[in-house]
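Counting from 521, one number per residue, gives the positions in the sequence shown under my numbering.
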Amino acid sequence: MKRFWSMEELHEQWSVSADDVAQMPDKQQSGRLGFVAQLAFYRAHHAFPDHRGALAPMVIEHLAGQVGVFAWTLNDYDWNDRTGRRHRESILDYLGVRAFDDDAENAFRAWLLNDALPKEPNDDTLEEWITAWLRRTKLERPGEYRLDRAMRSTRRTHDDGVLDRVLGHLDVEMR
């Protein structure tokens, strides 16, 4: 993750609105900052941070200033306890992000098969496209195991289809 940001970048990529601040459910300072930190991080990366170290100190200072607390209050925030999980659920509801259920997986596989894989992207590009697709469709990123399984299966289907088309163009003797 990027560690140094210009003031312009901080304002552009890490600012929260008055509506965002109004969503903060906690009265405790650490909870307020933890909530906006998770919200801002999710907007930037379409994923939630697991710990404070995922955010640059400059970003934490910037967010703390927006909610009127000290940056050190984030030290008391537990990212993975009940409060952190509740904050993530509230953020997903607020942003209108839906769970990656079976219907979403089917739509993802169809997009991957018909739109993404035929363009033969490298792994980094494909990852960017997947993140962009999940954002556009307002779907929560599935766990790594489920995502990997869907990608491997769909890639195999794509590759088999390509090989079948090539085989179809060969004459009988060449087959």
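Even glycine gets a Cβ: it sits at the ideal position worked out from N, Cα and C.
ask   = Using the beta-carbon count (16 or more within 10 Å), is Q558 buried or exposed?
value = The sequence position of residue 558 within the sequence shown is 38, counting from 1. Buried, since its Cβ has 16 or more Cβ neighbours within 10 Å.
With 16 other Cβ atoms within 10 Å as the buried cut-off, status of D540 = On the sequence shown, residue 540 is found 20 positions in, with the first residue counted as 1. By the 16-neighbour rule on beta-carbons within 10 angstroms, D540 is buried.
message = Pop quiz: E660 and V617 are said to be a contact at Cβ under 8 Å. What is the actual Cβ separation, rounded to whole angstroms?
response = In the sequence shown, counting from the first residue as 1, residue 660 sits at position 140. In the sequence shown, counting from the first residue as 1, residue 617 sits at position 97. Their Cβ separation, rounded to whole angstroms, is 5 Å, which keeps E660 and V617 in contact under 8 Å.
Extent of the continuous alpha helix (DSSP H) run through M671 = As a position in the sequence shown, residue 671 is number 151, starting the count at 1. It spans 664 to 689 - the alpha helix (DSSP H) in which M671 sits, taken as one unbroken run.
query = Assuming A636 and W649 make a contact with CB atoms under 8 Å, what is their CB distance in whole Å?
reply = Here residue 636 refers to the residue found at position 116 when the sequence shown is read from its first residue. Here residue 649 refers to the residue found at position 129 when the sequence shown is read from its first residue. A636 to W649, Cβ: 5 Å. Contact.
task = Figure out for me which residue from A560, D601, H565 has the closest Cα to the Cα of D581.
result = Position 61 of the sequence shown, counting from 1, holds the residue named residue 581. The identity of residue 581 in the sequence shown is Glu, whereas the question assumes Asp. Checked all of A560, D601, H565; the closest Cα to E581 is A560.
request  = Using three-state DSSP, classify V618 as helix, strand or coil.
outcome  = As a position in the sequence shown, residue 618 is number 98, starting the count at 1. For the sequence presented, residue 618 should be read as Arg rather than Val. The answer is strand: DSSP assigns R618 an E or B state.
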